[in-house]
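Sequence lines, in order, name chains A and B.
The working numbering puts the first residue of the first sequence at 988, with every later residue one more than the last.
The working numbering puts the first residue of the second sequence at 988, with every later residue one more than the last.
What follows is a short report on a single structure.
Protein chains: 2
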Amino acid sequence: MSDLRARNRQATREAITTAALRLAVEQGPGGLALVRVNDIASAAGVSPRTYNNYFSSREEAICGGQADQSRRAGDALRARPAGEPLDVAVTEAMVGLFTDPEPDRAGLRMIMLTPELEGEALRAFAVGEASLAEAIAERGGETGLCPEVTAAAVVAAIRVAGRHWLTPAANQPFADVIRRALGCLFSPGRTSR
Amino acid sequence: MSDLRARNRQATREAITTAALRLAVEQGPGGLALVRVNDIASAAGVSPRTYNNYFSSREEAICGGQADQSRRAGDALRARPAGEPLDVAVTEAMVGLFTDPEPDRAGLRMIMLTPELEGEALRAFAVGEASLAEAIAERGGETGLCPEVTAAAVVAAIRVAGRHWLTPAANQPFADVIRRALGCLFSPGRTSR
DNA sequence: CAAGAACTTGCGTGTCACGCACTATTTGCG
DNA sequence: CGCAAATAGTGCGTGACACGCAAGTTCTTG
C-alpha cells in the first residue's frame, strides 16, 4: 500500500463529484443555485471545509468527473497500436474513452447545457488537450503548434458531438456521433451524413 | 437615433470591461483576488450594483471584451467575397477579426494565462462558435454537424495560436501564427514549420 | 516505535451575487 | 406638446461562499 493515502484521496474526490453531480441533476438545470455546498458535503460524507479543500467552487465539483475523464485522453491514444494511422488511432481512442461506459444522459445534459456551468464544462474538456497534444506529438514525431491544434480541434469536435448526442432528435449511439464528428475534421471533403 | 438607450448600454458595458481588464492587468496574474468589485465599478464610473447588472462575476467582466470580439466571428466570415474557398475565407476573416487592432499582449496574457480566468476565457472564445457555425453553414450549404465541428475547431485553433503568440520565444506577428494554426487544420498533410 | 508529514475539521472573516424597492431618464402615443 | 409606460441606475439588506488559521487525527518512514 504505497499510497493508501492517494487512493483515499481519489475516493473522496470521486465521492464529492458524484454527489455534486447527482444533486445538481436532481434540481435540474434551472435550480443550480439550490444546490448548497452543505448538501454536497454531507451527501459525500465529508465536512464543508473538506469539500472546499478539493474544489473551490460548486461548478468545479460538479464538472470534476468530466475533467477526470478528459484527462485520460493522452493515455487512451498511447494505448492504440503503433502502426495505426493517426486519424483512426485518435478516433478509436476517443470513442473508447468517452463511450466505454456510455455516459449518463442526464449528467452530461446538466454539465453541457446549463449556462452557469458552461465555463467549467469547457474547462473540464480542455484539460484533455494538453495530454492529448503530447501523445499526438510522440506519435507523429512533430512538435510545436500542429499537435496542439489537432488536439484542441479533436476535443472541440467531441464537445460538439456531445451536444448533438443530447439532442432529442438524433437517437444514435454516442460512438457513431463521435465518429461522424471526427470524420468532419479528418476528411473535410466527404460530407458524412 | 437608433436607440440612444442601446448605445449608452453598450458604452457602460465597454467601460466596465476595459476598467476590469485594466485593473486585473495592473495587479498581475497572481493578484486577481485583489481586484475588488468596488474598484472596477468606481473605475468605470458606475455603482457596484450596476456593475452587477451587467456581469455576474469579476471573471465575466474581465473577459467581456474578448467575448464581444469573438461574437463577431460570423459577421467577419460573411464579409468575405462569395467566391472565395471556405478555408481561405475563414482564415482571412479570422486574421482580420483578431488582428485588425493587434491585441494588447498584457491583456491577452492575463485572460489566457490566469488559471482562475481559464473557464471564462474559454467561454469568451466559445461564444463565437455559434455565429461562426451559422455563417459556415450558409456558405457551404451544408447543415448540421459538420459546420459546427469546423467552427469549434477553428475557434480552438485560434486559442492555440494565441497561446503560442504569447510565448516569449516566438516573436512573430499574430496574423502569421493564426495562419499557421489554421493551416494545420485545413491542410493536415503539410507540416508548416 | 517515535518523529513528522498529510489530511480533516471547526471557526471566523471579508467578499460577493442578487432580490427588492425607489428614482431618473428615455420612448412612444394621443 | 405633455403624459404614461418601459427601461436603466442606485442603495440597502441578506444569504451564501471561499479561504486563512489553528487545532486534532491518521498515515508514513526511518
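Positions of the beta carbon are idealized from the N, C-alpha and C atoms, including for glycine.
Nothing here was measured: the structure is a model prediction, and the numbers come from that model.
Query                                                                                                                      : Result
Residue closest to A/G1131, alpha-carbon to alpha-carbon, out of B/S1174, B/A1157 and B/R1096                              : B/A1157
Span separating the alpha-carbon of B/V1147 from that of B/A1060                                                           : 17 Å
Residue-chain proximity (B/E1135, chain A), Cβ-Cβ < 8 Å                                                                    : yes
A/T1154, enclosing alpha helix (DSSP H) - first and last residue                                                           : Element bounds for A/T1154: n/a, residue is neither H nor E.
8 Å Cβ cutoff, B/E1105 in contact with chain A                                                                             : yes
A/P1090 classed as buried or exposed, judged by whether at least 16 other C-beta atoms fall within 10 angstroms            : buried
Whole-angstrom distance between B/A1076 and A/R1036, CA atom to CA atom                                                    : 52 Å
Neighbour flag for A/R1110 against chain B, beta carbons, 8 Å                                                              : yes
Listed by chain order, chain B residues near A/A1140 by CB distance under 7 Å                                              : A1140, A1143, A1144 and L1172
Where A/E1103 sits in the DSSP three-state scheme                                                                          : helix
Nearest-angstrom Cα separation, counted from B/E1071 out to B/N1039                                                        : 43 Å
Segment contact flag, the region 1159-1167 of chain A with the region 1158-1172 of chain B, C-beta cutoff 8 Å, min 3 pairs : no
4 or more residues per run - each alpha helix (DSSP H) lying fully within the region 1038-1093 of chain A                  : 1045-1058, 1060-1065 and 1073-1086
For A/R992 and A/L1169, the rounded distance between their alpha carbons                                                   : 39 Å
Residue environment, B/P1134, which counts as buried when at least 16 other CB atoms sit within 10 Å                       : buried
Distance between A/L1104 and B/M1099 (C-alpha atoms, nearest Å)                                                            : 19 Å
Interface flag, B/L1132 vs chain A, CB-CB below 8 Å                                                                        : yes
DSSP three-state assignment for A/R1023, whether helix, strand or coil                                                     : coil
Any C-beta of chain A under 8 Å from that of B/A1168                                                                       : yes
Closest residue to A/P1052 among A/R1110, A/V1136 and A/D990 (Cα-Cα distance)                                              : According to the sequence provided, residue 1052 of chain A is Gly. The question's Pro does not apply to it. Comparing Cα-Cα distances from A/G1052 to each of A/R1110, A/V1136 and A/D990, the minimum goes to A/R1110.
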